[in-house]
Structures are given as C-alpha cells and as structure tokens.
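Residue numbers for the sequence shown follow this note's numbering, so the first one is 354 and each next one is one higher. In what follows, a structure is listed as structure tokens, so that the remarks can point back to it.
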Amino acid sequence: MPTPEVDWGQVALIVAVLVPSVILHEVSHGVVALWYGDDTAKQAGRLTLNPLRHIDPFGTLLLPALLALSGLGAFGYAKPVPVQPNRLRNPRQ
Numbered sequence: 354m355p356t357p358e359v360d361w362g363q364v365a366l367i368v369a370v371l372v373p374s375v376i377l378h379e380v381s382h383g384v385v386a387l388w389y390g391d392d393t394a395k396q397a398g399r400l401t402l403n404p405l406r407h408i409d410p411f412g413t414l415l416l417p418a419l420l421a422l423s424g425l426g427a428f429g430y431a432k433p434v435p436v437q438p439n440r441l442r443n444p445r446q
C-alpha cells in the first residue's frame, strides 16, 4: 500500500492560520476578564501575542502531530489563560 505524499505547503498554510487564531482566542479570554476586573492574566504575562507564552508542549505540538501522522486528523489546544472568577466585578451568582 503506497504511503500518501505530504503537501508541506498545505501544512504550512494550516499552521500559519491556526496558530495565530488559537493565540488570539486565548488572549481574548484574558482581555475580557481584564475588562470585568480580573487582572490575573495580565499579571501572569499572558496578554501577549507571543506564541511562546501560549504553547502547551503536548496540546499544541505533540498531540496534533501524532494525530495527523496517524491519519486521524488533527486536534490541539493552547495553554488556557488564567482567570479567577472571584476577582470579577459583579460575577454571576
């Protein structure tokens, strides 16, 4: 059974789109928490677009690579931005 060729251009395009999207998503959690009074993410230095601050070695690198190589598609995640709900102004009851 022949091994399928990897289209490295497509891989680069997917990474170039997904990495900034995931980072922006996580930074947005921290910004919204800051708007509502929780500065935990800011104090932790996580309100940055620097990808190194958001990469989870397993969830961002290893898991997607293993799943893609196994032919199961790809799934991954970034480190979650810390939010402390008890520090929010007017938290939900």
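Even glycine gets a Cβ: it sits at the ideal position worked out from N, Cα and C.
- In the three-state scheme derived from DSSP, where H, G and I count as helix and E and B as strand, Phe411 is classed as helix.
- If you draw a straight line from the Cα of Tyr430 to the Cα of Leu366, it comes to about 18 angstroms.
- Contact annotation: Leu402 and Ile376 have beta-carbon atoms nearer than 8 angstroms.
- If you look at Thr393, you'll find it in the alpha helix (DSSP H) that goes 393-396.
- A contact between stretches requires three or more CB pairs, one per stretch, nearer than 8 angstroms, and the segment 431-439 meets this requirement with the segment 380-387.
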